[in-house]
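Engineer: Sharing a structure here in structure tokens format.
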Amino acid sequence: MSWLYDFWFILVALLFLGLSIFVHELGHFLAAKRRGLVIKRFSIGFGPRIFGWEKNGVEYRLSAFPFGGYVALPQLVDMGRIEGGEGDEEEKLEGLPKISYADKMIVSVMGAVFNVLFALGLASVLYFFGHEVYSSELTTEVGYVAKELSVFDQKTEKEITVPGPAFEVIQPGDKIAKVDGVEVRDFQDVRQRIVAGTGLTEDGKRVVHLQVERKGKTIEADLFPVLISTEQMRMVGIGPKEIFYVGKLMEGRPLYVHPPADNGLSMGDQLWAVDGQRIHSFQGLKDHLQERGYGPLKVTVLKGGDSAKEVTYHLHSTELTMKIGDRVSTDYLIGFHREFQKTLTYPNPFTMIFNRMQDMYLTLTSLVNPKSDVKMRNMSGPVGIVDHLSVFAKIGWTRLFWFVVFINVNLAILNVLPIPVLDGGHMMFATIEKLRGKPLPLAVLERLQVVFMVLIFSFMIYVTFFDVKRIFPS
């Protein structure tokens, strides 16, 4: 019945995506009604009607292509042929009174305003009830530095191993203060600024500049990122400090050598060191075990919560061999499921919205910068968004709300971009008309709308292709 479990969360994801689109269109609808505009249709989706009803002269409907929605306002712009209107509507709409520049601007922008208000409402819920996050999400302290990274070789279409760019420069315990001269707020911000980086040396090599705090000293370092995985994103091979505990013990493991049976490794113990080497992350523990291989080892844990004491056990690693396709890999384990430390936060709603806006601005500027490695293929369309929403819904409602905040801020910003078909395009045309003192030729507007609608649909199909590849990599 796992498919039913997954299907339920896909429905939840579709509900919240549809709700975000509905809120956006509701903003247009209410503003148009308030300003006295003629409204002929309120649609979720584009294209032919699936089902709907009519009330007070307005058609409410669900349309075939779920790539957004629209409120048909002929006094603002007539896109009947694109949106799925009937052929005889043009005659009925002739002779409608002209609307003012203020009407056009207010009605066009209110969709984005409603998305921001919706995001602010959800962020306020997280502020009042709390939002549980992993402690590693709140820090800029480095917990893991990769000795090697696997990169995708486009020529051979295989994974190859290269030295980790940060391995000989950055150390666990370092705190990242700035990336390319910009202060960072948490490790997600560190990652995003490295991925969206545009730094290049004179000979065209990718570079990122980090300002690091280490034992009271400030260190400046240039690292040379490599492109990771089929996504081809810049990475330097660092991860955040993680505090993690022994969760459920695996059956038959760990294999104790010395400790008394009633006083061994137990749930809730915090992993502190292995063989005298301080452990700052779970990946660091895995790497150490791989290097040590099969055999005895000393594991130091903290017991007792706030009044924790260091206790060292002499354990024996166990060997797990797996076959994936033609490749056989061997992992060495202590034998427990890890549990990462969580913290209940109360994020300021306005700060949360502002941070999401900053993230979106960074993404958009990197997309149009030829020095960046962020491309259209790295974006997500409706399929990818629904997949992410369903994943966060499984984690919990606060994670789901957090991501819906992110989506609504993105929707707001994308829709006010000066691109024909989008709200920002309507505002751009209205402003040009105001400056010219006369409207743009209808034929020009129609051609621009059609061309950009085709481009947007093509973009949706393009990113959906890559969304499907991410969800079903095989």
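When the letters of the sequence shown are read in order and numbered with my numbering, they come out as residues 1097 to 1570.
Just so it is clear, CB atoms sit at the ideal spot from N, CA and C, and this is done for glycine as well.
Buried or exposed: which applies to residue 1041, given that a residue is buried once 16 or more other Cβ atoms fall within 10 Å of its Cβ?
Structural biologist: Nothing can be reported for residue 1041: it is not among the residues displayed for the chain, which extend from 1097 to 1570.
Engineer: Residue range of the alpha helix (DSSP H) that residue 1486 falls in?
Structural biologist: 1478 to 1491
Engineer: According to DSSP, simplified to helix, strand and coil, what is residue 1380?
Structural biologist: helix
Engineer: Put residue 1101 into one of helix, strand or coil per three-state DSSP.
Structural biologist: Of the three classes helix, strand and coil, the one that applies to residue 1101 here is helix, per DSSP.
Engineer: DSSP three-state call for residue 1171: helix, strand or coil?
Structural biologist: coil
Engineer: Could I get the ranges of all uninterrupted alpha helix (DSSP H) runs contained in the stretch 1427 to 1481, with 4 residues as the minimum, in chain order?
Structural biologist: 1445 to 1464
Engineer: Residue 1168 to residue 1277, Cα distance in whole Å?
Structural biologist: Rounded to whole angstroms, residue 1168 to residue 1277 spans 46 angstroms at the Cα level.
Engineer: Where do the ends of the beta strand (DSSP E) carrying residue 1317 lie?
Structural biologist: 1313 to 1319
Engineer: Have a look at 1105, 1112, 1100, 1116 and flag the residue whose alpha-carbon is nearest the alpha-carbon of residue 1511.
Structural biologist: 1116
Engineer: Here's a check: name, in chain order, each residue in its chain whose Cβ is nearer than 6 angstroms to the Cβ of residue 1384, leaving out the five neighbours to either side.
Structural biologist: Cβ neighbours of residue 1384 beyond the five flanking positions: 1370.
Engineer: Over the uninterrupted beta strand (DSSP E) stretch that includes residue 1249, give me the two end residues.
Structural biologist: 1244 to 1249
Engineer: When DSSP labels each residue in this structure, what does residue 1129 get in the three-state scheme?
Structural biologist: Collapsing the DSSP output to three states places residue 1129 in a helix.
Engineer: Measure the C-alpha to C-alpha separation of residue 1215 and residue 1363 and round it to an integer number of angstroms.
Structural biologist: So the two alpha carbons sit approximately 38 angstroms from each other.
Engineer: With residue 1339 and residue 1246 assumed to form a contact (beta carbons below 8 angstroms), what rounded beta-carbon distance in angstroms separates them?
Structural biologist: Wrong, their Cβ atoms sit about 27 angstroms apart, outside the cutoff.
Engineer: Take residue 1583 as the anchor and find which of 1435, 1305, 1497 has the nearest alpha-carbon.
Structural biologist: Here the chain covers residues 1097 to 1570 and nothing more, so residue 1583 does not appear.
Engineer: By Cβ distance below 6 angstroms, which residues in the same chain neighbour residue 1468 in space, the five residues on each side in sequence not counted?
Structural biologist: 1294, 1462
Engineer: Please classify residue 1166 as buried or exposed, where buried requires at least 16 neighbouring CB atoms within 10 angstroms.
Structural biologist: In this structure residue 1166 is buried. Its beta-carbon is surrounded by 16 or more other beta-carbon atoms within 10 angstroms.
Engineer: When burial is assigned at 16 or more other CB atoms within 10 Å of the CB, is residue 1437 buried or exposed?
Structural biologist: exposed
Engineer: In or out: residue 1531 buried (at least 16 other Cβ within 10 Å) or exposed?
Structural biologist: exposed
Engineer: Does residue 1442 pass the burial test, meaning 16 or more other C-beta atoms within 10 Å, or should it be called exposed?
Structural biologist: Exposed, since its Cβ has fewer than 16 Cβ neighbours within 10 Å.
Engineer: Between which two residues does the alpha helix (DSSP H) holding residue 1542 run?
Structural biologist: 1538 to 1567
Engineer: With distances taken Cα to Cα, identify the nearest neighbour of residue 1285 among 1322, 1379, 1458, 1269.
Structural biologist: 1458
Engineer: How should residue 1310 be labelled, buried or exposed, when 16 other C-beta atoms within 10 angstroms of its C-beta is the threshold for buried?
Structural biologist: exposed
Engineer: Who are the near neighbours of residue 1507 in its chain, counting only those whose CB is closer than 7 angstroms to its CB and skipping five residues on each side?
Structural biologist: 1116, 1120, 1211
Engineer: Count Cβ pairs between the stretch 1190 to 1205 and the stretch 1297 to 1311 that sit closer than 8 angstroms; are there 3 or more?
Structural biologist: The stretch 1190 to 1205 makes no contact with the stretch 1297 to 1311, as fewer than three CB pairs between them are under 8 angstroms.
Engineer: Run the CB neighbour count on residue 1400, radius 10 Å, all protein chains shown included, and call it buried at 16 or more, exposed below.
Structural biologist: exposed
Engineer: Checking the sheet assignment: what are the DSSP bridge partners for residue 1137?
Structural biologist: 1155, 1168
Engineer: Do residue 1135 and residue 1128 have their C-beta atoms within less than 7 angstroms of each other?
Structural biologist: yes
Engineer: By the 10 Å Cβ neighbour count, where 16 or more other Cβ atoms means buried, how is residue 1152 classified, buried or exposed?
Structural biologist: exposed
Engineer: Pick out whichever of 1281, 1378, 1326, 1559 has its Cα sitting closest to the Cα of residue 1251.
Structural biologist: Just measuring C-alpha positions, the residue of 1281, 1378, 1326, 1559 sitting nearest residue 1251 is 1326.
Engineer: Give a yes or no on contact between the stretch 1316 to 1330 and the stretch 1478 to 1493, applying the rule of three or more CB pairs nearer than 8 angstroms.
Structural biologist: No, they do not touch.
Engineer: Are the C-beta of residue 1515 and some C-beta of chain D separated by less than 7 angstroms?
Structural biologist: You won't find chain D in this structure, because it holds only one protein chain.
Engineer: By alpha-carbon positions, which one of 1448, 1321, 1331 ends up nearest to residue 1296?
Structural biologist: It is 1321.
Engineer: Just verifying my parser: in three-state terms, what is the DSSP assignment at residue 1386?
Structural biologist: helix
Engineer: Give the DSSP-derived three-state secondary structure of residue 1267 in the structure shown.
Structural biologist: coil
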